[in-house]
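Residue numbers (the working numbering): 424 to 488. Positions of the beta carbon are idealized from the N, C-alpha and C atoms, including for glycine.
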């Protein structure tokens with residue numbers, strides 16, 4: 424079965440457990456797929472599927488910019 428789909432973009436400065444799923448469910452839009460594209464200033468730009476990238480300062484990467 425293929426139902427209607429919508430893509431939305433959210434920007435969170437601090438995420439709690441399943442926060443996005445709870446927010447979309449509250450307005451009647453279940454989350455079927457969730458894609459994280461950035462943490463702090465670390466993005467997925469240029470990273471191939473299955474690829475890895477070394478993060479020198481992991482704690483600094485998670486700090487809000």
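Check	Outcome
Report yes if the C-beta distance between residue 470 and residue 461 is below 8 Å; otherwise report no.	no
Identify which residue in 474, 472 and 457 has its Cα closest to the Cα of residue 434.	457
From the DSSP output, in three-state form, read off residue 466 for me.	strand
Do residue 447 and residue 454 have their beta-carbon atoms positioned less than 8 Å apart in this structure?	yes
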